[in-house]
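Worksheet: one structure, shown below.
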Amino acid sequence: MAPLNVAGAPLSWQDMKPQLKEIRRRGVQQFVNLYHRVEHATGRELLWGDEIEYHLMKKSGKGATDPDRTVKISLRAPELLKHLQQCEGDDPRRYDGCSWHAEYGRWMVEATPREPFSGYATDLLRVERSMRLRRQRLLSCLSPDEIIPTVPSFPLMGVGHFTDPPAEPRGPVANSECIPDEVINPHPRFATLTRNIRERRGANVDIRMPLYQDVATPEFKDLPPGAPPPEVRGDAMAYGMGSCCLQVTFQARDIHESRYLTDQLAVLAPIMLAL
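Note that our numbering has the sequence shown beginning at 21, numbered continuously upward.
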């Protein structure tokens, strides 16, 4: 998610409401103009690329037997990204490079290949090499107590003081019971998105998921008959927007092939995800 360049200050939801009609009109017009610009394009080369998102975490404790051992999210991704982008440079002769981008969370890093892959079989052999290169460059910038795993979500999100440095919840942006505003990327786009969605709803987001039962979930012990099953609740966008994933983007030959590809992936993607 590459942030937009912002000139001026973003509008609050109340200030934006009188402009909504014009914003919608311009959005539709922009889509129509873009569609007409590419609707007759054909014969384009097959290009594609992957996008990997990482969680930057910080370990504490003196080993596996330390009762105080824990892991927290490290809120220094903007600093890390700036360093990675400076080291990467913009030399066009560097073919197997990396591209680094910000994400919603201040602890998240997004990486893509510098140049897209093409439709040749040899390009399939470049994918793993590119992934290894990105991880190597990330690891070279970490502190000794930091790790950057590729996992969907941080397991301790919203549990106690789970950030480094520590921060308190109930900030003016997310107004969350458990999630501090400091976890949001400092780019104005992300805080404005979070605040405006909450103000438009008139309440915080309300995420509810059934609690998985195993031998270590005491919430199910002595549960009265007919009582609703225990659930996990989230009241901030960071629970969803703070998830990381692997994505793949394609450039198809023309708009008809793009539609066909979209229809096929809409069916296949959930199956592949379940596997």
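C-beta atoms are modelled at their ideal positions from N, C-alpha and C, and glycine is treated no differently.
Residue pairing of R253 in beta bridges, as defined by DSSP: R228. Annotation: R215 to A194 spans about 6 angstroms, alpha carbon to alpha carbon.
For T90, the uninterrupted beta strand (DSSP E) run begins and ends at 90-94, by DSSP. Contact annotation: S173 and L67 have beta-carbon atoms that are not nearer than 8 angstroms. The beta-carbon separation of Y259 and I227, rounded to 6 angstroms, stays under the 8 angstroms limit for a contact. C118 has P133 as its beta-bridge partners, per DSSP. A Cβ-Cβ distance of about 6 angstroms is found for the pair D70 and L266, placing them in contact under the 8 angstroms criterion. Between P189 and P206, the beta carbon gap of about 18 angstroms keeps them out of contact (Cβ cut-off 8 angstroms).
The alpha-carbon separation between A61 and F182 amounts to approximately 50 angstroms.
A straight line joining the alpha-carbon of V58 with that of Q271 spans about 12 angstroms. Boundaries of the alpha helix (DSSP H) harbouring D35: 33-36, taken from the DSSP string.
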